[in-house]
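Novice: I have a structure here, written as structure tokens, and I will follow up with some questions on it.
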């Protein structure tokens with residue numbers, strides 16, 4: 001009797017272990033597939049925008065961007081630059097640029113826009129090891145690798161950044177209202193210049209990059225979809241509003257880079273959450 005019970009218990013334990021192993025294998029396979037598809041997606045989108053960029057240079061050298069009366073184009077470009085500022089801050093957090101490389105990197109990011117962003121993201125996915133890809137690829141893409149000679153990076157307080165992004169929201173709202181009053185509706189044929197087409201394409205590629213991060217951070221698909229819809233409709237206003245809300249969840253003692261990660265990964269040390277190989281995920 002006892003031997004039968006013992007065999008049943010051992011069988012249950014084996015079944016439980018097998019189910020756990022199967023779940024782990026399926027999860028790892030899904031994560032690898034996610035990393036592969038995201039990498040391919042960014043390659044395709046980056047190549048498509050590169051074609052738009054080259055065509056714009058060939059068509060009118062983007063001279064329509066210099067028209068002082070093209071206020072909606074100017075507004076769209078400011079929208080792009082604010083979003084690039086957000087993504088650029090992440091790139092500067094990840095990369096240990098020297099004083100010489102910093103202005104060069106900033107120049108490349110702000111001139112080529114989503115071309116540089118897509119190329120950088122693809123490079124980060126390419127650097128992932130099979131182990132990283134099978135665990136949490138987006139976490140390893142977002143986080144900065146720890147180095148032996150790492151020093152503590154300067155960090156602004158969450159309150160300071162909330163005030164900064166809140167001010168950007170007010171600025172963009174005022175800019176939208178002013179442009180509409182002075183220049184009228186943007187849905188006119190004369191507004192749709194080559195520069196406007198290129199800028200809108202650039203803006204939506206950048207929105208796509210930020211939307212992937214938002215989908216990673218949000219705990220439910222409903223909230224992720226709502227925020228992605230806000231980003232698609234309101235651009236940098238949506239980006240800044242999302243950052244203001246996320247920064248409000250960070251304590252004054254945490255490094256602001258904690259805002260990059262999922263809520264269940266954001267409970268990190270008070271210092272800069274530098275990634276280590278032995279860190280337990282999720």
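Residue numbers (my numbering): 1 to 282.
Glycine included, each C-beta is placed from N, C-alpha and C at the ideal position.
1) Just checking, does the region 82–91 make contact with the region 179–190 on the three C-beta pairs under 8 Å criterion?
2) When burial is assigned at 16 or more other CB atoms within 10 Å of the CB, is residue 60 buried or exposed?
3) Check the C-beta distance from residue 123 over to residue 248 and give it rounded, since I have them as a contact under 8 Å.
4) Please give the ranges of any alpha helix (DSSP H) in the region 101–171, keeping only runs that are unbroken, at least 4 residues long and fully inside the region.
5) Which class does residue 67 belong to by DSSP, given the choice of helix, strand or coil?
6) Could you give the distance in angstroms between the alpha-carbon of residue 213 and the alpha-carbon of residue 173?
7) Give a yes or no on whether the C-beta atoms belonging to residue 197 and residue 72 are separated by under 9 Å.
8) Residues in the same chain with beta-carbon distance under 6 Å from residue 208, minus the five sequence neighbours each way, listed in chain order, please.
9) Assuming contact is defined by CB atoms lying nearer than 9 Å, are residue 238 and residue 227 in contact in what I supplied?
10) Would residue 70 be called buried (16 or more neighbouring beta carbons within 10 Å of its own) or exposed?
11) Can you tell me the Cβ-Cβ gap for residue 108 and residue 203, rounded? I've got them flagged as a contact below 8 Å.
12) Below 7 Å CB to CB, which residues in the same chain sit around residue 230 once its five sequence neighbours on both sides are set aside?
13) Please name the residue in 194, 176 and 125 whose C-alpha comes closest to that of residue 37.
14) May I ask which residues mark the beginning and end of the alpha helix (DSSP H) holding residue 231?
15) Return yes when the Cβ of residue 194 is within less than 9 Å of the Cβ of residue 114, no when it is not.
16) Where residue 50 and residue 119 are concerned, what is the direct C-alpha to C-alpha distance, given to the nearest angstrom?
17) To the nearest angstrom, how far is it from the Cα of residue 102 to the Cα of residue 252?
18) Give me, in chain order, the residues of the same chain whose beta-carbon lies closer than 7 Å to that of residue 156; leave out the 5 immediate sequence neighbours on both sides.
19) Tell me which same chain residues have a C-beta within less than 7 Å of the C-beta of residue 242, skipping the five on either side of it?
20) If you drop the 5 nearest sequence neighbours on each side, which residues of the same chain put their C-beta closer than 7 Å to that of residue 76?
21) Determine the extent of the alpha helix (DSSP H) in which residue 210 is found, giving its start and end residues.
Specialist: Considering the structure as presented:
1) At 8 Å Cβ cutoff, the stretches do not touch.
2) Exposed, by the Cβ-count rule.
3) Not a contact, Cβ separation roughly 32 Å.
4) Those alpha helix (DSSP H) runs which fall completely within the region 101–171 and span 4+ residues are 101–112, 114–126, 130–135 and 137–142.
5) When secondary structure is reduced to three states using DSSP, residue 67 falls in the coil class, being assigned neither helix nor strand.
6) Straight-line spacing of the CA atoms in residue 213 and residue 173 works out to 24 Å.
7) Against a cut-off of 9 Å, the Cβ pair of residue 72 and residue 197 comes out as no contact.
8) Same-chain partners within the cutoff: there are none.
9) Contact: yes.
10) Counting the other Cβ atoms within 10 Å of the Cβ of residue 70 gives 16 or more, which makes it buried.
11) Distance from residue 108 to residue 203 at the Cβ level is roughly 18 Å; contact not present, criterion being Cβ atoms closer than 8 Å.
12) Counting only Cβ-Cβ distances below 7 Å, and skipping sequence neighbours, we find 238.
13) Nearest C-alpha to residue 37: 125.
14) Residue 231: member of the alpha helix (DSSP H) spanning 221–234, first to last residue.
15) No, the Cβ-Cβ distance between residue 114 and residue 194 is not below 9 Å.
16) Distance from the CA of residue 50 to the CA of residue 119, rounded to the nearest whole angstrom, comes to 11 Å.
17) Rounded to the nearest angstrom, the two C-alpha atoms are 27 Å apart.
18) Cβ contact annotation for residue 156 (same chain, cutoff 7 Å, sequence separation greater than five): 256, in chain order.
19) Within the same chain, 214 and 227 come within 7 Å of residue 242 by CB-CB distance, once the 5 residues on both sides are set aside.
20) Taking residue 76 as the centre and dropping the five residues before and after it, the same chain places the C-beta of 196, 199, 200 and 203 closer than 7 Å to its C-beta, in chain order.
21) From DSSP, the alpha helix (DSSP H) with residue 210 extends over 194–217.
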